[in-house]
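J.: Heads up, the sequence shown is in my numbering, so the first residue is 1 and it goes up one at a time.
Would you mind keeping the following structure in view while I ask a few things?
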Amino acid sequence: MSMSLPTETQILVVGVGPNGMACAITLKAPGLQVTIVDALSRGRYESHSSLVYPRTLEELDTVGLAQPLLDNGIGSKGVTFHGDTETLIAVDVSKLYKLTRFPTTLLISQSDVESIFEDRLKREGVNVIWNKNVVGMASNLNNRILFCPLLRPARGGPEPGAPPTSYWCTALVVPIGTTTPQHPSLEYIQAEVAKRNPWKQRLHVVKTTQAATYRVHSAVASTFFEKLGTGNILLVGDAAHVHPPTGGQGLNLGLLSKSSLKNYIVL
Numbered sequence: 001m002s003m004s005l006p007t008e009t010q011i012l013v014v015g016v017g018p019n020g021m022a023c024a025i026t027l028k029a030p031g032l033q034v035t036i037v038d039a040l041s042r043g044r045y046e047s048h049s050s051l052v053y054p055r056t057l058e059e060l061d062t063v064g065l066a067q068p069l070l071d072n073g074i075g076s077k078g079v080t081f082h083g084d085t086e087t088l089i090a091v092d093v094s095k096l097y098k099l100t101r102f103p104t105t106l107l108i109s110q111s112d113v114e115s116i117f118e119d120r121l122k123r124e125g126v127n128v129i130w131n132k133n134v135v136g137m138a139s140n141l142n143n144r145i146l147f148c149p150l151l152r153p154a155r156g157g158p159e160p161g162a163p164p165t166s167y168w169c170t171a172l173v174v175p176i177g178t179t180t181p182q183h184p185s186l187e188y189i190q191a192e193v194a195k196r197n198p199w200k201q202r203l204h205v206v207k208t209t210q211a212a213t214y215r216v217h218s219a220v221a222s223t224f225f226e227k228l229g230t231g232n233i234l235l236v237g238d239a240a241h242v243h244p245p246t247g248g249q250g251l252n253l254g255l256l257s258k259s260s261l262k263n264y265i266v267l
């Protein structure tokens, strides 16, 4: 059963992705009235991304979101790729310990991030209103808008595989027009990895937890802010900037953008 929209609110967040929910939590913290809507009938909880970086964890920690992610993810002190008989790449992230309280690259699926954020929203008394699609914006005769500001969040990124003793994130790019399965099998992924392997050592795909096919594209909005009457419209996440999934750029940039919202919103 769909919930009804309130007659008014201070903040309207459009879209129930991780960035949208992070925006809602951030803006709820100082006591603002927040409403969050989505055109879907329920949460998708698709695992598109898997990496959360130290700077992102620092910002999430300002609203108490870092520790729940750390408790549910895998803290990686580095990234190592192994071939049949030798190490191919080794990156030591732990050397950042002098620069941050979170010297780790956190490996956690986007679906887990969304679940944790939605639990926090419920505790804050912010309910997601499903089946609501924003079709336009206008000011009324009193030069006030019903919902302001408007925030639209991001979705996007790859899903990792997970061998028994390590955690890998793999994104394979295939030419446009190539027929690919919607949910690739381990055998399909292994064959594609073998085609693209730049090393003489063979890379083994031991296990996959989830796999999906999606189109990669990039875009940047011509403007990120606009006033409508006495309200403010702000774009964040994919509404502002769309990225290829490499390195979890979209998820981390979207989560970081929420940190400056309180500084720019004047109600």
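Idealized CB from N, CA, C, for every residue including glycine.
From a predicted model like this one, the values you see are computed outputs, not experimental measurements.
Just tell me which of Trp130, Asp238, Asp92 has its CA closest to the CA of Ser222.
T.: Asp238
J.: Is there contact between the region 195 to 208 and the region 78 to 88, where contact requires at least three CB pairs shorter than 8 Å?
T.: Segment contact: the region 195 to 208 against the region 78 to 88, three or more CB-CB distances shorter than 8 Å; contact assigned.
J.: Considering only residues of the same chain and omitting the five flanking positions on each side of Met3, which have a CB-CB separation below 7 Å?
T.: Asn127, Ile129
J.: Helix, strand or coil for Asn131 per DSSP?
T.: DSSP places Asn131 in coil when its eight states are reduced to three.
J.: Return helix, strand or coil for Leu99, following the three-state DSSP convention.
T.: coil
J.: Counting only the same chain and skipping the five closest in sequence on each side, list residues whose C-beta sits under 6 Å from that of Gly247.
T.: none
J.: Here's a check: name, in chain order, each residue in its chain whose Cβ is nearer than 6 Å to the Cβ of Ile25, leaving out the five neighbours to either side.
T.: Val63, Arg120
J.: Beta-carbon separation of Thr104 and Lys77 under 8 Å?
T.: yes
J.: Roughly how many angstroms lie between the CA atoms of His183 and Leu235, to the nearest whole one?
T.: 31 Å
J.: Would you please state the rounded distance, in angstroms, between the beta carbons of Gly15 and Asp38? I believe it to be under 8 Å.
T.: 6 Å
J.: Applying the criterion that 16 or more other CB atoms from any shown protein chain within 10 Å of the CB defines a buried residue, is Phe117 buried or exposed?
T.: buried
J.: What is the DSSP secondary structure of Ile25, reduced to helix, strand or coil?
T.: helix
J.: If you check the beta carbons only, do Ser109 and Ser50 fall under 8 Å apart?
T.: yes
J.: Is the beta carbon of Asn252 sitting closer than 8 Å to the one on Tyr53?
T.: Taking 8 Å as the Cβ cut-off, Asn252 and Tyr53 qualify as a contacting pair.
J.: Taking all protein chains shown into account, decide if Gly17 is buried (16 or more other Cβ within 10 angstroms of its Cβ) or exposed.
T.: buried
J.: Tell whether a beta-carbon distance below 8 Å holds between Leu40 and Ile11.
T.: no
J.: Quick one: Cα of Lys258 to Cα of Leu57, how far?
T.: 12 Å
J.: So, with DSSP's three-state summary, where would you put Asn197?
T.: coil
J.: Taking 8 Å as the cut-off, decide whether the C-beta atoms of Leu65 and Ala22 are in contact.
T.: yes
J.: Contact check, Pro6 vs Thr35 under 8 Å by CB: the rounded distance?
T.: 6 Å
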